[in-house]
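Chemist: Structure below; questions to follow.
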Amino acid sequence: MGDSTRVAVQGAGGANSPLRAGGGQGLAGERCPGGDSPAAAPPAPPAIREEEEEEDAPGTGLERRGQSGPGERDACRAWGTLCWGCQSKSRVEQSAMAQPKGTVVLAYSGGLDTSCILVWLKEQGYDVVTYLANIGQKEDFEAARKKALALGAKKVYIEDISKEFVEEFIWPAVQANALYEDRYLLGTALARPCIARKLVDIAQREGAQYVAHGATGKGNDQVRFELTCYALCPNIKVVAPWRLPEFYQRFPGRCELMDYAKNHGIPVPVTPQTPWSMDENLMHISYEAGILENPKNPAPPGLYTKTRDPATSPDCPDVLEIEFERGVPVKVTNAGDGSTCSSALELFMYLNDIAGKHGVGRIDIVENRFVGMKSRGIYETPAGTILYHAHLDIEAFTMDREVRKIKQGLALKFSELVYNGFWHSPECEFLRHCIARSQEGVTGTVRLSVFKGQVYVLGRESPRSLYNEELVSMNVQGDYEPADATGFININSLRLKEYHRLQSKVTVKQDE
Numbered sequence: 001m002g003d004s005t006r007v008a009v010q011g012a013g014g015a016n017s018p019l020r021a022g023g024g025q026g027l028a029g030e031r032c033p034g035g036d037s038p039a040a041a042p043p044a045p046p047a048i049r050e051e052e053e054e055e056d057a058p059g060t061g062l063e064r065r066g067q068s069g070p071g072e073r074d075a076c077r078a079w080g081t082l083c084w085g086c087q088s089k090s091r092v093e094q095s096a097m098a099q100p101k102g103t104v105v106l107a108y109s110g111g112l113d114t115s116c117i118l119v120w121l122k123e124q125g126y127d128v129v130t131y132l133a134n135i136g137q138k139e140d141f142e143a144a145r146k147k148a149l150a151l152g153a154k155k156v157y158i159e160d161i162s163k164e165f166v167e168e169f170i171w172p173a174v175q176a177n178a179l180y181e182d183r184y185l186l187g188t189a190l191a192r193p194c195i196a197r198k199l200v201d202i203a204q205r206e207g208a209q210y211v212a213h214g215a216t217g218k219g220n221d222q223v224r225f226e227l228t229c230y231a232l233c234p235n236i237k238v239v240a241p242w243r244l245p246e247f248y249q250r251f252p253g254r255c256e257l258m259d260y261a262k263n264h265g266i267p268v269p270v271t272p273q274t275p276w277s278m279d280e281n282l283m284h285i286s287y288e289a290g291i292l293e294n295p296k297n298p299a300p301p302g303l304y305t306k307t308r309d310p311a312t313s314p315d316c317p318d319v320l321e322i323e324f325e326r327g328v329p330v331k332v333t334n335a336g337d338g339s340t341c342s343s344a345l346e347l348f349m350y351l352n353d354i355a356g357k358h359g360v361g362r363i364d365i366v367e368n369r370f371v372g373m374k375s376r377g378i379y380e381t382p383a384g385t386i387l388y389h390a391h392l393d394i395e396a397f398t399m400d401r402e403v404r405k406i407k408q409g410l411a412l413k414f415s416e417l418v419y420n421g422f423w424h425s426p427e428c429e430f431l432r433h434c435i436a437r438s439q440e441g442v443t444g445t446v447r448l449s450v451f452k453g454q455v456y457v458l459g460r461e462s463p464r465s466l467y468n469e470e471l472v473s474m475n476v477q478g479d480y481e482p483a484d485a486t487g488f489i490n491i492n493s494l495r496l497k498e499y500h501r502l503q504s505k506v507t508v509k510q511d512e
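Counting in full-length UniProt numbering, the sequence shown runs from 1 upward without gaps.
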């Protein structure tokens, strides 16, 4: 939710923790006024027990154990860093100075941004409940939970919403053939209303007046999160730190965030950070910012994580049969080994694996953000790419021509609404109903090959097909009378003849 860095905590005072680094340290061999031991052997702070975190909320175990006073911290700062005890005491006093504001539910990722926002919200007087959505990303959820509690969260929710993400958001997009600006399969745009819906649900369970997120003030995600929140809970109040001058002026860059983290005992990354941001869910992973902001820079080696390089992918294709009912995939069979998947989540994850193995689903585009600027994004959408091609094929096989023309227009508008954050709008709800109605006959099986970054449709069959082999055959006349085509052509050519007759008159007049 605005963060791309993931940090696993070893525990307060662990070997890599900034809570321990510099703790009690002044000049060589001397004691920090707020600490208890010489610099040469700084003590590890006591372990934090989770039961204490809940019992003593809104304070944390980190805060309770700080023993230094204001004068001691002034002397401590003179040595260039706050010891562990000074950091903890400072956080208590900052929280105590702020007027209590009530409970806020923070959409939390465990990364640097939302971890700093958590502590900053506490400084402003909020009791913070964190919510981390499991939406199919690779994440150490237990480490993130412990980290949030250590930083002062009153409670931590970790909700697995992967199944509902597939069934209630991805499947309608598959039915629609949703595609923004001809290329983007809307992986992030579909995930945001799913995440925000649960954010509102948790806020209502907790009786919270506020929700907060870490989305930037220049992107689409702030709009997507907040439109969902306001649609589902009109009285909710949103705290968006990256749009508050007191926050973004204090933290104009990542260096300032890192300094804040170190001064407040927030664990910081111990490994080099990639020079771009990443956002992952079950449907896709996106890469943007950093070195990718120059649109002529190619994707650097090692960027892609969901898909293999097509050039080094297997030399033997996987042949799949995908079965649809009413436009929704219900079964996948691998023709090679006979394996099958039928549950929504299992099916989607299996297609992710197969497509990723063959390098399917990579795009590098410049898109138009809803807020008015163009942005460069690189995306991997493996399973979504297979399903897009398969559904497009079975739909063309089973749907009436004129209905399909109308449906294509609906899909275009649907994709735009989803991208811009209007999933819960009345117009988007109306379009979902229309699209679902159009899918009543979209039933059948598509056979396709996945190979070297591409999806190749090999064949299709359906009990609801509008394809009449006898009627279309060049060898059988059937119910079609070829002579009738003469009148059909004459009628359709009449309009063209009249148009060009007029054009000839205009041209002659201009030449005179």
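Positions of the beta carbon are idealized from the N, C-alpha and C atoms, including for glycine.
Closer than 7 angstroms by C-beta to E461: which residues in its own chain qualify, once you throw out the five before and the five after it? Chain order, please.
Modeler: To locate residue 461, count along the sequence shown from 1; it is residue 461. Excluding residues within five positions, the ones whose Cβ falls inside 7 angstroms are G444 and T445.
Chemist: Please report how far the alpha carbon of K154 lies from the alpha carbon of T381, in whole angstroms.
Modeler: Mapped onto the sequence shown, residue 154 falls at position 154. Mapped onto the sequence shown, residue 381 falls at position 381. Near 36 angstroms, if we compare the C-alpha coordinates of T381 and K154.
Chemist: Per the contact definition of three or more C-beta pairs closer than 8 angstroms, is the segment 206 to 216 in contact with the segment 224 to 242?
Modeler: With the rule of 3 Cβ pairs closer than 8 angstroms, the segment 224 to 242 counts as touching the segment 206 to 216.
Chemist: Nearest CA to the CA of Y126: which residue from K138, R145, G111 and L106?
Modeler: To locate residue 126, count along the sequence shown from 1; it is residue 126. Closest by alpha carbon: L106.
Chemist: Looking at the unbroken beta strand (DSSP E) that takes in T385, where does it start and where does it end?
Modeler: In the sequence shown, counting from the first residue as 1, residue 385 sits at position 385. From DSSP, T385 is part of no beta strand (DSSP E) but of the alpha helix (DSSP H) over P382 to T398.
Chemist: Would you kindly check if the distance between the Cβ of G453 and the Cβ of P310 is under 7 angstroms?
Modeler: Within the sequence shown, numbered from 1, the residue matching residue 310 stands at position 310. Within the sequence shown, numbered from 1, the residue matching residue 453 stands at position 453. Against a cut-off of 7 angstroms, the Cβ pair of G453 and P310 comes out as a contact.
Chemist: Measure the alpha-carbon distance for residue 568 versus L392 and round it to whole angstroms.
Modeler: Absent from the structure is residue 568, since the part of the chain shown begins at 1 and ends at 512.
Chemist: Are the segment 340 to 360 and the segment 403 to 422 touching by the rule of at least three beta carbon pairs closer than 8 angstroms?
Modeler: no
Chemist: Starting from P329, trace the beta strand (DSSP E) both ways and give me its first and last residue.
Modeler: Numbered from its first residue, the sequence shown carries residue 329 at position 329. First-last of the beta strand (DSSP E) with P329: V328 to N334.
Chemist: Would you give the residue range spanned by the alpha helix (DSSP H) that L118 belongs to?
Modeler: Residue mapping note: residue 118 aligns to position 118 of the sequence shown, counting from 1. It spans L112 to E123 - the alpha helix (DSSP H) in which L118 sits, taken as one unbroken run.
Chemist: Taking DSSP's pairing of strands, which residues face D318 in a bridge?
Modeler: As a working mapping, residue 318 is identified with position 318 in the sequence shown. Beta-bridge pairing links D318 to V450.
Chemist: Count the other CB atoms within 10 Å of the CB of P314; is the residue buried (16 or more) or exposed (fewer)?
Modeler: Position 314 of the sequence shown, counted from the start, is the residue given in the question as residue 314. Flag for P314 reads exposed.
Chemist: Determine the burial state of N352: buried for a count of at least 16 other Cβ atoms within 10 Å of its Cβ, exposed for fewer.
Modeler: Residue 352 sits at position 352 when you count from the first residue of the sequence shown. Burial call: buried.
Chemist: Any Cβ of chain B within less than 7 angstroms of the Cβ of I202?
Modeler: Going by chain labels, chain B is absent from the structure shown, which holds only one protein chain.
Chemist: On the DSSP bridge list, what partners appear for K155?
Modeler: Looking up residue 155 in the sequence shown gives position 155. Answer is V129, bridged to K155.
Chemist: Assign L496 to buried or exposed, taking buried as 16 or more other Cβ atoms, counted over all protein chains shown, within 10 Å of its Cβ.
Modeler: Counting from 1 along the sequence shown, the entry for residue 496 is found at position 496. It counts as exposed.
Chemist: Indicate whether the contact test is met: 3 or more Cβ pairs, each with one atom in the segment 384 to 402 and one in the segment 323 to 342, closer than 8 angstroms.
Modeler: Yes, the segment 384 to 402 touches the segment 323 to 342.
Chemist: Pull the bridge partners of R376 from the DSSP assignment, please.
Modeler: Mapped onto the sequence shown, residue 376 falls at position 376. Its beta-bridge partners are V366.
Chemist: Any heavy atom of the ligand SAM closer than 6 angstroms to the beta-carbon of M474?
Modeler: Only the bare structure without any ligand can be found here, which leaves the ligand SAM out of the picture.
Chemist: Compare the Cα-Cα distances from residue 589 to each of A390, D182 and T305 and report the closest residue.
Modeler: Any answer about residue 589 is impossible in this case: the structure gives the chain only from 1 up to 512.
Chemist: Compute the Euclidean distance between the alpha carbons of R447 and L458, then round it to the nearest angstrom.
Modeler: Locating residue 447 in the sequence shown gives position 447, where the first residue counts as 1. Locating residue 458 in the sequence shown gives position 458, where the first residue counts as 1. In this structure, the CA atom of R447 is about 5 angstroms from the CA atom of L458.
Chemist: DSSP three-state label for Y467, please.
Modeler: One-based indexing of the sequence shown puts residue 467 at position 467. It is coil, neither helix nor strand.
Chemist: In chain order, what residues of the same chain lie with their CB nearer than 8 angstroms to the CB of K198, ignoring the 5 residues before and after it?
Modeler: Here residue 198 corresponds to residue number 198 of the sequence shown, with the count starting at 1. Here the set comprises Y131, A133, E159 and I161.
Chemist: Can you have a look at H500 and say buried or exposed, based on whether 16 or more other CB atoms are within 10 angstroms of its CB?
Modeler: Translated into positions along the sequence shown, residue 500 becomes position 500. Per the 10 Å Cβ criterion, exposed.
Chemist: Helix, strand or coil, according to DSSP, for L82 in the structure here?
Modeler: Taking the sequence shown and counting its residues from 1, one reaches residue 82 at position 82. Here the model assigns L82 a pLDDT of 48, short of 50, so the residue's position is not dependable and the matter cannot be decided.
Chemist: Which term fits Y480, buried or exposed, when burial requires 16 or more other beta carbons within 10 angstroms of its beta carbon?
Modeler: On the sequence shown, position 480 is the one that residue 480 refers to. Looking at its Cβ environment, which holds fewer than 16 other Cβ atoms inside 10 Å, Y480 is exposed.
Chemist: Could you tell me if V366 is buried or exposed, where buried requires 16 or more neighbouring beta carbons within 10 angstroms of its beta carbon?
Modeler: Taking the first residue of the sequence shown as 1, we reach residue 366 at position 366. Per the 10 Å Cβ criterion, exposed.
Chemist: Decide if the segment 423 to 435 is in contact with the segment 220 to 236; the criterion is three or more beta carbon pairs, one per stretch, under 8 angstroms apart.
Modeler: yes
Chemist: Out of L149, Q204, H389 and N220, which has the shortest C-alpha to C-alpha gap to S449?
Modeler: Here residue 449 refers to the residue found at position 449 when the sequence shown is read from its first residue. Selected option, being the one with the closest Cα: H389.
Chemist: Who are residue 554's beta bridge partners in DSSP?
Modeler: Nothing can be reported for residue 554, as the shown portion of the chain is limited to 1 through 512.
Chemist: Is it right to say K296 is buried, meaning 16 or more other beta carbons lie within 10 angstroms of its own, or is it exposed?
Modeler: To locate residue 296, count along the sequence shown from 1; it is residue 296. Flag for K296 reads exposed.
Chemist: Is the beta carbon of N281 less than 7 angstroms from the beta carbon of A191?
Modeler: Within the sequence shown, numbered from 1, the residue matching residue 281 stands at position 281. Within the sequence shown, numbered from 1, the residue matching residue 191 stands at position 191. Going by C-beta atoms, N281 is nearer than 7 angstroms to A191.
Chemist: What are the boundary residues of the alpha helix (DSSP H) that includes V239?
Modeler: Walking along the sequence shown from the start, residue 239 turns up at place 239. Per DSSP, V239 belongs to no alpha helix (DSSP H); it is in the beta strand (DSSP E), K237 to V239.
Chemist: So S415 is in the alpha helix (DSSP H); what residue range does that whole segment cover?
Modeler: For the purposes of this step, residue 415 is taken as residue 415 along the sequence shown, with counting starting at 1. Unbroken alpha helix (DSSP H) run through S415: R401 to N420.
Chemist: Name, in chain order, the residues that DSSP records as bridge partners for M278.
Modeler: Numbered from its first residue, the sequence shown carries residue 278 at position 278. Beta-bridge pairing links M278 to Y287.
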